[in-house]
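Taking it in order: structure first as C-alpha cells, then the write-up.
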Amino acid sequence: MLTIAEVEHVALLSRLDLSLEEKKLYGDQLSKILEYAKMLDELDTGDVPPTAHVLPLKNVYREDRVGEHLPLEKAMQNAPERDGNFFKVPRIV
Amino acid sequence: MAQYETVIGLEVHVELKTNTKIFCPSGTGFGGDPNTHVCPVCLGLPGVLPVLNKKVLEYAIKVGLALNCGIAEFSKFDRKNYYYPDLPKNYQISQYDLPIAEHGHLDISVGENEKRVGITRVHMEEDAGKLVHQGNISSTPFSLVDYNRTGVPLVEIVSEPDMRTPEEARAYLEKMKAIIQYTGVSDCKMEEGSLRCDANISIRPVGSDKLGVKTEIKNMNSFKALQRALHYEIERQTEVLEEGGRIVQETRSWDEAKGITMSMRSKEQAHDYRYFPDPDLVPMVIDRQWVDSIKESLPELPDQRKARYISDYGLPEYDAAVITSTKELADYFEDCLKGYSNAKAVGNWVMGDLSRLLNAGGMDITQCRIRPAQLAEMLRLMDQGTISGKIAKAVFEDMFQTGHDPEEIVKEKGLVQISDQGEIAAVVDEVLAANPKVVDDFRAGKDKALGFLVGQVMKVTRGKANPDMVNKMLKERIK
Amino acid sequence: MDLFYMTAHELHAKLAAGEISARELCRAFLDRIVSVEDRLKAFITVTEEMALKQADEVDKRIAAGEELPPLAGIPIALKDNMCVEGIRTTCASKILFNFVPPYSATVVEKIKSAGMVIIGKTNMDEFAMGSSTENSGFQPTSNPWDTERVPGGSSGGSAVSVAAGETVLALGSDTGGSIRQPASLCGVVGMKPTYGAVSRYGLVAFASSLDQIGPFARDVDDCAQLLNIITGHDPLDSTSAPGEKTDYTAFLNSDIKGLKVGVPREYMGEGIDPGVRAVIEKALQVLSSLGADIEEATLPHSRYAIPVYYLIATAEASSNLARYDGVKYGLRDEEAQDIVDMYMKSRSRGFGTEVKRRIMLGTYALSAGYYDAYYLKALKARTLIKQDFDRAFDRFDVLVCPTSPGTAFRKGEKTDDPLQMYLSDITTISVNLAGIPGISVPAGFSGGLPVGMQIMGRPFAEGNLIRVAHAFEGSAGHRGKFPSLI
Chain A
5 MLTIAEVEHV
15 ALLSRLDLSL
25 EEKKLYGDQL
35 SKILEYAKML
45 DELDTGDVPP
55 TAHVLPLKNV
65 YREDRVGEHL
75 PLEKAMQNAP
85 ERDGNFFKVP
95 RIV
Chain B
68 MAQYETVIGL
78 EVHVELKTNT
88 KIFCPSGTGF
98 GGDPNTHVCP
108 VCLGLPGVLP
118 VLNKKVLEYA
128 IKVGLALNCG
138 IAEFSKFDRK
148 NYYYPDLPKN
158 YQISQYDLPI
168 AEHGHLDISV
178 GENEKRVGIT
188 RVHMEEDAGK
198 LVHQGNISST
208 PFSLVDYNRT
218 GVPLVEIVSE
228 PDMRTPEEAR
238 AYLEKMKAII
248 QYTGVSDCKM
258 EEGSLRCDAN
268 ISIRPVGSDK
278 LGVKTEIKNM
288 NSFKALQRAL
298 HYEIERQTEV
308 LEEGGRIVQE
318 TRSWDEAKGI
328 TMSMRSKEQA
338 HDYRYFPDPD
348 LVPMVIDRQW
358 VDSIKESLPE
368 LPDQRKARYI
378 SDYGLPEYDA
388 AVITSTKELA
398 DYFEDCLKGY
408 SNAKAVGNWV
418 MGDLSRLLNA
428 GGMDITQCRI
438 RPAQLAEMLR
448 LMDQGTISGK
458 IAKAVFEDMF
468 QTGHDPEEIV
478 KEKGLVQISD
488 QGEIAAVVDE
498 VLAANPKVVD
508 DFRAGKDKAL
518 GFLVGQVMKV
528 TRGKANPDMV
538 NKMLKERIK
Chain C
244 MDLFYMTAHE
254 LHAKLAAGEI
264 SARELCRAFL
274 DRIVSVEDRL
284 KAFITVTEEM
294 ALKQADEVDK
304 RIAAGEELPP
314 LAGIPIALKD
324 NMCVEGIRTT
334 CASKILFNFV
344 PPYSATVVEK
354 IKSAGMVIIG
364 KTNMDEFAMG
374 SSTENSGFQP
384 TSNPWDTERV
394 PGGSSGGSAV
404 SVAAGETVLA
414 LGSDTGGSIR
424 QPASLCGVVG
434 MKPTYGAVSR
444 YGLVAFASSL
454 DQIGPFARDV
464 DDCAQLLNII
474 TGHDPLDSTS
484 APGEKTDYTA
494 FLNSDIKGLK
504 VGVPREYMGE
514 GIDPGVRAVI
524 EKALQVLSSL
534 GADIEEATLP
544 HSRYAIPVYY
554 LIATAEASSN
564 LARYDGVKYG
574 LRDEEAQDIV
584 DMYMKSRSRG
594 FGTEVKRRIM
604 LGTYALSAGY
614 YDAYYLKALK
624 ARTLIKQDFD
634 RAFDRFDVLV
644 CPTSPGTAFR
654 KGEKTDDPLQ
664 MYLSDITTIS
674 VNLAGIPGIS
684 VPAGFSGGLP
694 VGMQIMGRPF
704 AEGNLIRVAH
714 AFEGSAGHRG
724 KFPSLI
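Here's what the structure looks like:
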C-alpha cells in the first residue's frame, strides 16, 4: 500500500498538484495495479535480456548538414507568454 | 586542529564543434538572435523524434581516445528526467550506464610533481537552452528562455576523485582543455561556455581512506575561478568540521564577485532522475575499424608534442611544456619554424619577449599581431647582421604594437646595423681618444673596461654598430 | 447505395470516370458530418477549408488529364494526435487545447502528396490513454451502432468516422490495441502495422516503443491501398524500419489454401463473451472452408502482458508527457507565482484523471529503488512475451483470435475501475509488446453489435494479413450492413 507521503513524492516528481482526495484515490489505485504487477515476480528472468526495442535496429545516424530553422514567428506561435524573441516564464527560484 | 586532506573530482562539459545539433539539423552557431536557431525537434514540440548526428559520435570517440579511454563496443542513450525551463522536453538525452568511453587517464604536473588523474567516463548528451534574468535569478520576477543552445552536442568527462589540491584541479582542467583543443573537436572557450567545469570536493582527516561528504561547486567560469572556489570551499568545510558541524551534501554556486560559494536551494530536495533507455533512439554498436581509423586521425597531442620538442629541437623541458600547453601557441611556434629553422632561438623569443608582452597586455597568442612569418623574418635579419640583438628587441616591440613587417620597421626607423669598417673605425678611434684612462685600465687587465668602451661606441652609433666588429676593432687597437 | 458508405476503390472509379468531382465528394462528406456529428461527436476539428482546397487541386489534376492516383480525392480523417501544420492538434487534452503545430507529421506529408483530402481531426482518449474514448478532455464519442455505447478507443473518433460514413478512410494510432479494438467495436477494418513500418515522426508520443500509426477502412482492399501510402522508411524516425516499400494490394485476391492458422488458447479462454466466441468460431470455420489449416496455439506468457504493458507504457509516457509544462505551448496557469507552482497547476488543470494516473504509475515505476523491480523486470518479461510469438510463428503463418473479449460496452460501465478497463485490452497489447502486425476485420455481429477478428503475423508480414483478411472478408457473408443512423 502506497503511503500518502509516497504519493506526494511521486506527484512532485510528476509535477502534479493533487488534492487530498486525488492523493487517496491514486494511492489506492496505484497500489492495486502494483499489487497486480507483482505477478511478474513469478517469472525467473535471471538470464533474460531486457527488450527496450522490438526491432533489432542499430547505428541510425544523420549526416552533419544544417537544415531549415523555424522562422521566429512559427517557433513562438504557441508561446503562452513571450517577451520579444524570448519565451517568458515566472520566477525560477 | 586536525590536518585535513582534500579530495577533488571534476566534471567537465565540452561543447562539440559540429555544424548541427546532436539530434536535429539546426545549426550550432554561437550568438544569433534568441530562438532563431531552432527547429521542431530541439524546441521539443509534441511528436518530434531525435536522430543522432554521426559527427557527434565520431568526436566523442576522438575525445575518449585522446584521454586514453576504452571505447565501448555497445553504447546507448538514456533519458535523464528533471524539470527546468531551459530543457524543452523536461528530460535530457544523455548516457547513463553504457557511456561511449571509460577508464582513461590524463597526466598533469604541478611544480616538480607529476601525477596521473583517472578519467572515469566520457559520455554524450544534449545541451540545455539559456535563461536570461533581469538582475539576479532569485530576485527577478520572471526569466526569459532562449532555446538556440538547446541540443548543441556536449561530451561530459568525469574524473576520478584523484586530485588533492586546487592547483592540481587547475592543472587538470588546463591539460584537458589543451588535449581537446588539439583534437580539434571543440574551441574550449570558457568565457563562451564551450568548456564548463563543475567540481566535487570533500575533505577528510589525513590518513583516513574514507571519503568525506562532498559538495558540488558550479558556476566557475575561468581557471582562476576554479582555483579560488576550491580554496574557499576547503576553508569553509574545514571551518564547519572544526566547529563540530557536519558538511551537507549539496550543490553550491561560486560567486566570483564576493569570492564565496553559496548553497543553491531548490524546492525539490531529492533528485531522482529516473534514467531509462530512450526508446526513440537505437543502440550504437561501435565498429572497431572505425575506432581504429579515428585513432589514426588523431593529431599529435600535447605530451607527444612536448617530447618531440625536447628530443628534436633540444628545448628545455619547461619551455617545451609551456609552448605545448595550448595548441595555438604550439602551432605558432611551429609556423615560425617554417621560416626559420633554429628552434632554440624561436623558443627563446616565444618564451621571452613574446610571452612578456602578451602577459603585460592580458592577451593570448591568438590575439598576437606578429605573424609567425614576421618573427621568422626578424630572426633572419639578425642572422644576416642587418640588425643587432639589441635593435631586434626594439623592432620586436614595434612589430607587436603595429603588426608591421620587421624590414619595413628597420628601414623606416633607420635601424640597419653599421657594418662598414671605416665608419666603425672612426667612432672607435674617437672613443679611444676620449677615454685614455679606461684604455689604461684594460691594458692593466681590467676586462670590464672593454665593456665600457663597447658601450660608448654603441651610444654614439645609437646601437646600430655591429657589436662583433666593434669588439674586434677595440681589442686590435688597444693591443 | 449512399455515397458515404462506398469504399475508396468504388469512389476512385467514380472520380476517374468523371461521375463526381472531388469537390462534390468532399462536400457530401462534410454534409454527412453535419448531419450525424451531434449524435456521434467523432471529430474535434473539421478542416472544411483545407479539405475543399485539397479537393479542388485534385479536380484540377483530373481536368488536366492526369492519371488519378488510387486514393487521390478520397477523404481521410486523422486522429488528433498527428501534427498537421497550421491545424490545431490537441490529443483530446485540455493541456493542448490551443496548440497549432508549425510542422506536419511524415504520414501527413505522405497522404497529402498522395492527393488525399484531410477532412478533420478525430476524437480520442486523451493522449491515446484509454479503450473507450470516454477519456477525451472535450467530449465522449458514441458508437454509431448504439449511441448509448462506447466506440472503443483510444482511436474511437477515427473508427466512428469511418463506420458512420463521415469519411472514407482514417488513420489512428495503436499502442495497446487503440486501432484494432475500436475497429472491432465499430465494425470496420483496422490495422496496426509492424513497429517501425510507419514513421512516428509527428505522432504525439504516448509510449514510444509501442506506438504505431495504422489505417481504418471499410474493407481490406482500402486498407491495403492506404497502407501502401503510409508505410516506408523515414530518416526522421530512428526507429523506422529500413528497406524497400511493399505493394500490399498485390496480396489481395490470393487464396489461403494450406495456410497454417494458430488459435492461441490463452485468447479463447475465460473472459471471452460467449456471443463473441460464437462469431469467432464461425469465422474459423470460414477460414477452414477456404483451405486453411487450423490448430490450437499457445502463448504461455500471455497473462503477464497486462502488467508488462502498463509498466512500460506508463514509464515511457511519464517522460514523454513531461514537456507539457506551460512554457512553450499549451495551457498555462496564469496565477502561479513561480515556475514549480506554474508547472504543477498547469499540468493538474490540463491533464485528465486517466492521464494523471498513468503519469503517476510510470513515474513510480522508474523512480529510485523501484526501477529494477518494476521497469527492468517488465522489459525482461517483454522478451519472454516476444519469444512466445517467435515460437508460435515457427509453426503458424498467422494467429487468429477475437480482437476484443466483448462487444461495445455501455458508456460509464467500466470507468470506475481502471484495472478492469485495462484487462479488456488483453488480446491486443501483446501484439504491441512483440512489435508484430495485427489486423481486425469485421467477423459478424453479436446482439446487433459488431465483432472483430484479429489476425496477427510475423514482423513485416502485413501482406500475409491482408491476404487472409481479404480472403475471409470475401466469404464471411456479413457485409453490406451499416449502422442505421437516420
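Here the protein sequences come in this chain order: A, B and C.
Here the first sequence stands for residues 5 to 97, where the numbers follow our numbering.
Here the second sequence stands for residues 68 to 546, where the numbers follow our numbering.
Here the third sequence stands for residues 244 to 729, where the numbers follow our numbering.
For glycine and all other residues, C-beta sits at the position ideal for the given N, C-alpha and C.
Every value quoted in this text rests on a predicted model; they were computed, and no experiment measured them.
Residue environment, residue i, which counts as buried when at least 16 other CB atoms sit within 10 Å
i	result
B:A511	exposed
B:V315	exposed
B:Y385	exposed
C:L479	buried
C:G399	buried
A:L24	exposed
A:Y73	First, the amino acid is wrong: residue 73 of chain A is His here, not Tyr. The residue is buried, with at least 16 neighbouring Cβ atoms inside 10 Å.
B:G148	Residue 148 of chain B is actually Asn in this sequence, not Gly. Classification for B:N148: buried.
B:H338	exposed
C:S531	exposed
B:V506	buried
A:D48	exposed
C:E577	exposed
C:A611	exposed
Chain-ordered neighbours of residue i on chain C, where CB pairs are closer than 8 angstroms
i	result
A:E85	R575
B:V349	S481 and T482
Chain A contact residues for residue i, given Cβ-Cβ distances below 7 angstroms
i	result
C:D625	Checking the sequence shown, residue 625 of chain C turns out to be Arg, not Asp. Within 7 angstroms Cβ-Cβ: T55.
C:G569	P84
C:F342	N82
Residues that residue i bridges to, as DSSP identifies them
i	result
B:R146	B:I160 and B:F343
A:F91	A:R86 and B:V212
C:V730	There is no way to answer for residue 730 of chain C, as the model of chain C reaches only from 244 to 729.
C:G363	C:V289 and C:A320
B:L173	B:V184
B:T318	B:E283
Beta-carbon neighbours of residue i, restricted to chain B and to distances below 7 angstroms
i	result
A:E77	Result: empty, since nearest Cβ-Cβ is about 10 angstroms, beyond 7 angstroms.
C:E369	Here the premise fails: no neighbours, minimum Cβ distance about 13 angstroms.
Three-way DSSP call (helix, strand, coil) for residue i in this model
i	result
C:Q697	strand
C:T492	helix
B:T73	strand
A:E67	coil
B:M329	strand
C:P550	helix
C:R266	helix
B:F290	helix
B:S269	strand
B:F100	A small correction: the amino acid at residue 100 of chain B is Asp; Phe does not occupy that position in the sequence shown. Note: B:D100 maps to coil in three-state DSSP.
The ligand ADP heavy atom lying under 6 angstroms from the CB of residue i
i	result
B:A238	The ligand ADP is not among the ligands present in this structure, which contains no ligands whatsoever.
Cross-chain neighbours of residue i in chain A, by beta carbon under 9 angstroms
i	result
B:N86	D68, R69 and V70
C:Q580	P94 and R95
B:T103	H73, L74, P75, L76, A79 and N89
C:S561	L17 and S18
Contacts that residue i makes with chain B (C-beta to C-beta distance below 8 angstroms)
i	result
C:T606	R341
Below-7 angstroms beta-carbon distance, residue i vs any chain D residue
i	result
C:C326	Given the protein chain composition of this structure (A, B and C), no chain D is represented.
9 angstroms Cβ cut-off: residues of chain B touching residue i
i	result
A:V52	None at all; the shortest Cβ gap to chain B is about 16 angstroms.
Cross-chain neighbours of residue i in chain C, by beta carbon under 9 angstroms
i	result
B:V212	V570 and K571
Query raised in the report: If contact means a Cβ-Cβ distance below 8 angstroms, which residues of the segment 136 to 162 of chain B contact chain C?
Result: R146, N148, Y150, P152, P155, K156, N157 and Y158
Query - Interfacial residues, the segment 108 to 133 of chain B to chain C, with Cβ spacing under 8 angstroms - result: L110, G111, L112, P113, G114, V115, L116, P117, V118 and L119
Query raised in the report: Of the residues that make up the segment 26 to 44 of chain A, which ones have a beta carbon closer than 8 angstroms to any beta carbon in chain B?
Result: none
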